[in-house]
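Trainee:
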Amino acid sequence: MSPSTTETDETRIKRFLAIASHDLQSPLRHIAMYAEILIDEIGDRIDTEHLEYLNTILAKTQAAQELTKGLISFASGAPRLVISDVDTKLLVTQIWAELRFEVDAPKATIELGDLPGVRTDAGILGLVLKNVMANGLMHRTDADEACRLTVEAEVDATHWTIHISDNGPGIAPEHQESVFTAFWSLLPEGAAKRPGLGLAAARELVTALGGTISLTSPTETGSRFTIRLPV
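Numbering-wise, the sequence shown is residues 313 to 543 according to the numbering used here.
1. Taking the beta carbon of N479 as the centre, do at least 16 other beta carbons fall within 10 Å, making it buried, or is it exposed?
2. Looking at A446: is its Cβ nearer than 9 Å to the Cβ of E414?
3. Check whether the Cβ atoms of H451 and G523 sit closer than 9 Å, and answer yes or no.
4. Along the chain, where does the alpha helix (DSSP H) containing T400 start, and where does it finish?
5. In this structure, how does DSSP classify H471 when only helix, strand and coil are distinguished?
6. V491: which of A469, S535, T473 sits nearest, CA to CA?
7. Is the beta carbon of A330 sitting closer than 9 Å to the one on A375?
8. Helix, strand or coil: which one does DSSP assign to R357?
9. List the endpoints of the continuous alpha helix (DSSP H) containing V440.
10. V491 bridges to which residues according to DSSP?
11. State the DSSP-derived secondary structure class of S526, mapped to helix, strand or coil.
12. In whole angstroms, what is the alpha-carbon distance linking S477 and R357?
13. Quick one: residues in its chain with C-beta nearer than 8 Å to the C-beta of V398, no 5 flanking neighbours on either side, listed in chain order?
14. Which residue from T421, R460, W408, A469 puts its Cα closest to that of V440?
15. In whole angstroms, what is the alpha-carbon distance linking L393 and T519?
16. Measure the Cβ-Cβ separation of E378 and D426 and say whether it is below 9 Å.
17. In the DSSP assignment, what residue or residues form a beta bridge with A465?
18. Helix, strand or coil for P542? Go by DSSP, reduced to three states.
19. Mark A417 as exposed unless 16 or more other C-beta atoms lie within 10 angstroms of its C-beta, in which case mark it buried.
20. Rounded C-beta distance between S333 and I384? I'm assuming under 8 Å.
21. Following the continuous alpha helix (DSSP H) through L517, name the residue where it begins and the one where it ends.
22. Which value, in whole angstroms, describes the spacing of the CA atoms of I539 and G355?
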């Protein structure tokens, strides 16, 4: 892969993120506004369960608003990071709950190892983890296969490292770097075409956090992605 190709891909990713994030601002603002109106006007007349649904819609929309603002700043070349203490285990658990609804993998399971907390931008890190975890779910060998993800982490004096492993078909050595290229996707015969942006965007976002992401253990029975962030 030549430097010029890499630069072009990075530019395309950032342009895509900027346009998509900008265009999402208006609908997200309206969703949040109407959720607030419903909570104010009928919140005392509906049962607790449905009120919780409305509050969840509002909270998720507000989180998406903050994330899109962060992505716009990232695309502009001046990332606006909100650094805080992140409960990594809670974050991974929340992402897993969301992915179970978004990806058709009812038999999928996840195993969580030791996940120490980290100080970073929770929204950006969450998007990185979600893209990598979704990649493992979507690229399983067979649609009916019981996909299994393993997420574990470790920390030392200088870096926080998280490993995300799957039991999928694995990635051949000649494709190890290509998986992080924008709009490139390795699909089994007959599979639906996908954008091929998840891992490419993940690498760009990890870089904005001052870290790295790599495919560290491709095998015939699964892949292992490693994310390293500065402590």
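All residues carry an ideal CB built from backbone N, CA and C; glycine is no exception.
Mentor: Result, derived from the coordinates:
1. Buried, because 16 or more other Cβ atoms sit within 10 Å of the Cβ of N479.
2. yes
3. No, Cβ-Cβ distance for H451 and G523 is not below 9 Å.
4. 400-414
5. The answer is strand: DSSP assigns H471 an E or B state.
6. S535
7. no
8. coil
9. 434-450
10. The partner list for V491 (beta bridge, DSSP) is empty, contrary to what the question assumes.
11. strand
12. Note on geometry: alpha-carbon atoms of S477 and R357 lie some 46 Å from one another.
13. The beta carbon of V398 is closer than 8 Å to those of G429, V430, R431, T432, A434, L437 in its chain, skipping five residues each way along the sequence.
14. W408
15. Within the model, the alpha-carbon separation for L393 versus T519 is close to 12 Å.
16. no
17. I474
18. strand
19. buried
20. S333 to I384, Cβ: 5 Å. Contact.
21. 510-520
22. 42 Å
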